[in-house]
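First comes the structure, then the notes that go with it.
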Amino acid sequence: MNFWSLSMRDQLPRKTILIIEDNALSLKLFNDILQARGYSTLQAMDGREAKEIVEQSRPNLILLDIQLPGVSGLDFARVLKEDAELQAIPIIAVTAFAMKGDEERILESGCDAYLAKPISIEKFLNKVTEFLG
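So for the sequence shown, my numbering puts the first residue at 68; every next one is plus one.
Here is the structure:
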């Protein structure tokens with residue numbers, strides 16, 4: 068690789084992912100995996116903080132825990148998808164809810180995809196790549 072190809076690559080905008088997760092260990096895991104793959108990350112531990120970040124930063128993708136303090140992830144997804152300016156941002160629910168009917172309920176709330184915890188790193192990255200290329 069020469070100087071010019073390195074310079075051009077470094078100037079490409081990085082995709083930004085907002086991680087909404089109230090469990091500090093899961094938040095760190097997702098953050099570390101995504102940053103190691105070259106993504107820029109933003110973090111929130113509750114729905115109110117997340118909504119402010121989404122409005123200010125317009126991330127390319129949202130990873131959303133369903134069990135959040137204050138506002139549930141399902142309610143957060145519904146509110147986001149009702150907002151004409153924000154509804155195009157894809158949301159991947161990452162949750163411990165893995166019972167029959169949970170996936171359908173999560174997708175009906177406005178989430179674009181669903182991953183069950185504990186995650187497989189390979190499936191996790193494949194799903195992120197599916198939405199961000």
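C-beta: ideal position from N, C-alpha, C; glycine also.
Any chain C beta carbon closer than 8 Å to residue i
i	result
residue 109	The chain labelled as chain C is not found in the depicted structure, where only one protein chain is given.
Given residue i as reference, the closest of the options once Cα atoms are compared
i	options	result
residue 131	164, 150, 105 and 123	164
residue 194	166, 117, 103 and 159	159
residue 114	104, 124 and 138	138
residue 124	107, 171 and 112	107
residue 112	91, 98 and 96	91
Residue i - partner residues in DSSP beta bridges
i	result
residue 161	182
residue 128	84
Pair within 8 Å by beta-carbon distance, residue i and residue j
i	j	result
residue 190	residue 199	no
residue 126	residue 101	no
residue 89	residue 136	yes
Nearest-angstrom beta carbon gap, residue j and residue i [assumed within contact, 8 Å]
i	j	result
residue 129	residue 173	Wrong, their Cβ atoms sit about 13 Å apart, outside the cutoff.
residue 11	residue 94	Nothing can be reported for residue 11, as the shown portion of the chain is limited to 68 through 200.
residue 186	residue 161	7 Å
residue 192	residue 81	About 16 Å separates the two Cβ atoms, so there is no contact after all.
> Contact between the stretch 145-163 and the stretch 175-187: three or more CB pairs below 8 Å?
Replying inline: With the cut-off at 8 Å, the stretch 145-163 and the stretch 175-187 touch.
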